[in-house]
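Numbering (this note's numbering), first residue to last: 72 to 467.
C-beta atoms are modelled at their ideal positions from N, C-alpha and C, and glycine is treated no differently.
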């Protein structure tokens, strides 16, 4: 049996759908972040600095939980593990309705811990698929589509009628419903390449080629960049005297383009070389950070920024996964891909919180720019140290 077939496990369409639901639940708070965090600011539940701490808690808890989940849970009982993750996420979201200021961090830590467990399961599932880059793109598109629906409802219905707590409650209900669905999901996942992996072997998963580490480092920094700008949509537009309604519209349009980018990438990822795509996207992101920092921000300009910003975000992911698999043929980097994604997304807001004030988040945008440059440098180094010259993504 060849390597590709040894890591491919046959799952049903129902399994694939249920794993998509896990991703939707785990990432939902991050998808609606601009609207959710903006409304928390307006409601006086947090200030700009506290908002950065809450965002960091949301992202970092997901990342750390997905990193250490293999230490405490086994893939031999996927349903039980998923139910634990769902219950933590549900409790954290409902608890968040009762919290304000720095105390809100506690609720987001619990919800994020549950989400991290679910994300770990979802990426382990993706790593066992022969077309990992295609499946990841489709999953991202499904998640973004759900985030668009929730963001639109939050902006037009939930928050105006019931307040920002309705958003937390709706995410809690969605997680609870998903808990029933996982009872019909996959029971177990076989180890990749028939390894003898045990719950304590997660540290070995971190042992991989240096090129793969650089590839994941590039992912880490680009997500630090995107998350920092993402959570500051409302303060950035407010500083430019752009209405909150425009900020909400920009967030929704950005989400729509995120979904479109994920679908497009899933369709073409196996036909084009990943390195040129990643280089072009990285350069565009650097230019976007410069525009926000030094350009004259207008409503049309910010809307265009949002479209490009969103379109590139998840468009890059299948190509980043392809780069990770290219640098590490055993796909260890792919199976922990979610870790640098969400840890980076937490790192950006956390570092930014040390530099911004309640009335000025421009220093946070500078942090985002630095992260985008570091991501580009790590990308070039990873490609240079890869096992062979850049290839097209394998499809079988």
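Would you call the CB atoms of residue 443 and residue 360 closer than 8 Å? To locate residue 443, count along the chain shown from 1; it is residue 372. To locate residue 360, count along the chain shown from 1; it is residue 289. Yes, the pair counts as a contact, with Cβ atoms nearer than the cut-off.
If we require 4 or more residues per run, which alpha helix (DSSP H) segments fall completely within the stretch 310–366? The stretch 310–366 contains these whole alpha helix (DSSP H) runs: 315–339 and 345–365.
Can you find at least 3 beta carbon pairs, one from the stretch 118–136 and one from the stretch 177–187, that sit closer than 8 Å? Cβ pair count under 8 Å is three or more, so yes.
Using a 10 Å radius around the Cβ and a threshold of 16 neighbouring Cβ atoms, would you call residue 338 buried or exposed? Translated into the one-based positions of the chain shown, residue 338 becomes position 267. Looking at its Cβ environment, which holds fewer than 16 other Cβ atoms inside 10 Å, residue 338 is exposed.
Measure the C-alpha to C-alpha separation of residue 244 and residue 93 and round it to an integer number of angstroms. Counting from 1 along the chain shown, the entry for residue 244 is found at position 173. Counting from 1 along the chain shown, the entry for residue 93 is found at position 22. Computed Cα separation, rounded: 13 Å.
Return the first residue and the last residue of the alpha helix (DSSP H) that residue 194 is part of. Taking the chain shown and counting its residues from 1, the one referred to as residue 194 is at position 123. That run of the alpha helix (DSSP H) goes 175–198.
Length of the line joining the Cα atoms of residue 235 and residue 171: The sequence position of residue 235 within the chain shown is 164, counting from 1. The sequence position of residue 171 within the chain shown is 100, counting from 1. Put simply, the backbone Cα of residue 235 is about 12 Å away from that of residue 171.
If you follow the alpha helix (DSSP H) that residue 233 is in, where does it begin and where does it stop? Walking along the chain shown from the start, residue 233 turns up at place 162. Counting along the chain, residue 233 sits inside the alpha helix (DSSP H) bounded by residues 230–233.
What is the DSSP secondary structure of residue 428, counted as helix, strand or coil? Counting from one through the chain shown, the residue named residue 428 turns up at place 357. Strand at residue 428.
Going by beta carbon distance, what residues of the same chain come within less than 8 Å of residue 326, once the five residues before and after it are set aside? As a first step, residue 326 is located in the chain shown; it is residue number 255 there, counting from the start. Cβ-Cβ distances below 8 Å link residue 326 to 102, 215, 218, 219, 222 and 381 in the same chain, with the five nearest sequence neighbours on each side left out; the list follows chain order.
Please state the DSSP three-state secondary structure of residue 139. One-based indexing of the chain shown puts residue 139 at position 68. Of the three classes helix, strand and coil, the one that applies to residue 139 here is helix, per DSSP.
Spell out a yes or no on whether the stretch 283–293 and the stretch 384–395 are touching, meaning 3 or more CB-CB pairs, one atom from each, closer than 8 Å. The stretch 283–293 is in contact with the stretch 384–395.
Rounded Cβ spacing between residue 106 and residue 226 (contact assumed at less than 8 Å): Position 35 of the chain shown, counted from the start, is the residue given in the question as residue 106. Position 155 of the chain shown, counted from the start, is the residue given in the question as residue 226. Between residue 106 and residue 226 a beta carbon distance of about 5 Å is seen, short of the 8 Å cut, so the two are scored as contacting.
Please report the Cβ distance between residue 150 and residue 256, rounded to the nearest whole angstrom; I am assuming they are in contact, meaning their Cβ atoms lie under 8 Å. Taking the first residue of the chain shown as 1, we reach residue 150 at position 79. Taking the first residue of the chain shown as 1, we reach residue 256 at position 185. 6 Å between Cβ atoms; contact.
Looking at residue 90 and residue 193, is the spacing between their C-beta atoms short of 8 Å? Here residue 193 refers to the residue found at position 122 of the chain shown. Here residue 90 refers to the residue found at position 19 of the chain shown. Taking a C-beta distance under 8 Å as the contact criterion, residue 193 and residue 90 qualify as a contact pair.
Below 8 Å on the Cβ atoms is my contact criterion, and I expect residue 436 with residue 363 to pass it. Report the Cβ-Cβ distance as a whole number of Å. Here residue 436 is taken as the residue at index 365 of the chain shown, counted from 1. Here residue 363 is taken as the residue at index 292 of the chain shown, counted from 1. Contact holds; Cβ gap of about 5 Å.
Could you compute how far the alpha carbon of residue 319 sits from the alpha carbon of residue 329? Stepping through the chain shown from its first residue, residue 319 is reached at position 248. Stepping through the chain shown from its first residue, residue 329 is reached at position 258. In a straight line, the C-alpha of residue 319 is about 15 Å away from that of residue 329.
Can you tell me the Cα-Cα spacing of residue 303 and residue 96, whole angstroms? For this step, residue 303 is matched to residue 232 along the chain shown. For this step, residue 96 is matched to residue 25 along the chain shown. Cα to Cα, the separation comes out at about 23 Å.
Does the Cβ-Cβ distance between residue 296 and residue 356 come in under 8 Å? Here the question's residue 296 lines up with position 225 in the chain shown. Here the question's residue 356 lines up with position 285 in the chain shown. In this structure, residue 296 sits near residue 356, with a CB-CB distance shorter than 8 Å.
For residue 255, report the span of its alpha helix (DSSP H) as first-last. One-based indexing of the chain shown puts residue 255 at position 184. From DSSP, residue 255 is part of no alpha helix (DSSP H); its letter is neither H nor E.
Straight-line gap, residue 273 to residue 366 (C-alpha atoms, nearest Å): Position 202 of the chain shown, counted from the first residue, corresponds to residue 273. Position 295 of the chain shown, counted from the first residue, corresponds to residue 366. With a pLDDT of only 47 at residue 273, under the threshold of 50, the placement of this residue in the model should not be trusted; the figure read from the coordinates follows. Approximately 45 Å, taken between the alpha carbons.
Could you check which residue in 122, 176, 85 and 208 has the C-alpha nearest to that of residue 332? Stepping through the chain shown from its first residue, residue 332 is reached at position 261. The option with the nearest alpha carbon to residue 332 is 208.
On the three-state DSSP scale, how would you describe residue 171? As a working mapping, residue 171 is identified with position 100 in the chain shown. DSSP, read as helix, strand or coil, puts residue 171 in coil.
Do you know whose CA, among 158, 174 and 454, lies nearest residue 346's CA? The residue labelled residue 346 in the question sits at position 275 within the chain shown. The shortest C-alpha separation from residue 346 is found at 454.
If you drop the 5 nearest sequence neighbours on each side, which residues of the same chain put their C-beta closer than 7 Å to that of residue 301? Translated into positions along the chain shown, residue 301 becomes position 230. Listed in chain order, the non-local C-beta contacts of residue 301 below 7 Å within the same chain comprise 104 and 105, local neighbours out to five positions each way being set aside.
Buried or exposed: residue 65, going by 16 or more other Cβ atoms within 10 Å of its Cβ? Only positions 72 to 467 of the chain appear in this structure, which leaves residue 65 out of reach.
For residue 157, collect the residues of the same chain with a Cβ closer than 6 Å to its Cβ; drop the 5 residues on either side in sequence, then sort them by chain order. Reading the chain shown from its first residue, position 86 is the one you call residue 157. Correct list, in chain order: 246, 249 and 250.
Measuring CA to CA, which of 305, 311, 312 and 336 is closest to residue 321? Here residue 321 refers to the residue found at position 250 of the chain shown. Ranking 305, 311, 312 and 336 by Cα distance to residue 321 puts 305 first.
Which value, in whole angstroms, describes the spacing of the CA atoms of residue 342 and residue 387? In the chain shown, counting from the first residue as 1, residue 342 sits at position 271. In the chain shown, counting from the first residue as 1, residue 387 sits at position 316. Going by C-alpha positions, residue 342 is about 14 Å away from residue 387.
Near residue 120, which residues of its chain fall below 8 Å by C-beta distance, leaving aside the five closest residues on each side in sequence? Taking the chain shown and counting its residues from 1, one reaches residue 120 at position 49. Around residue 120: 424, 427, 428 and 429.
Please state whether the Cβ-Cβ distance between residue 404 and residue 279 is less than 8 Å. Along the chain shown, one-based indexing puts residue 404 at 333. Along the chain shown, one-based indexing puts residue 279 at 208. Yes. Within cutoff.
Contacting residues, own chain, Cβ-Cβ under 8 Å from residue 179 (five flanking each side not counted): By 1-based counting over the chain shown, the position of residue 179 is 108. Correct list, in chain order: 100, 125, 128, 129, 132, 163 and 167.
Residue range of the unbroken alpha helix (DSSP H) whose run includes residue 280: Within the chain shown, the letter at position 209 stands for residue 280. Premise fails: residue 280 is in no alpha helix (DSSP H) and is neither H nor E.
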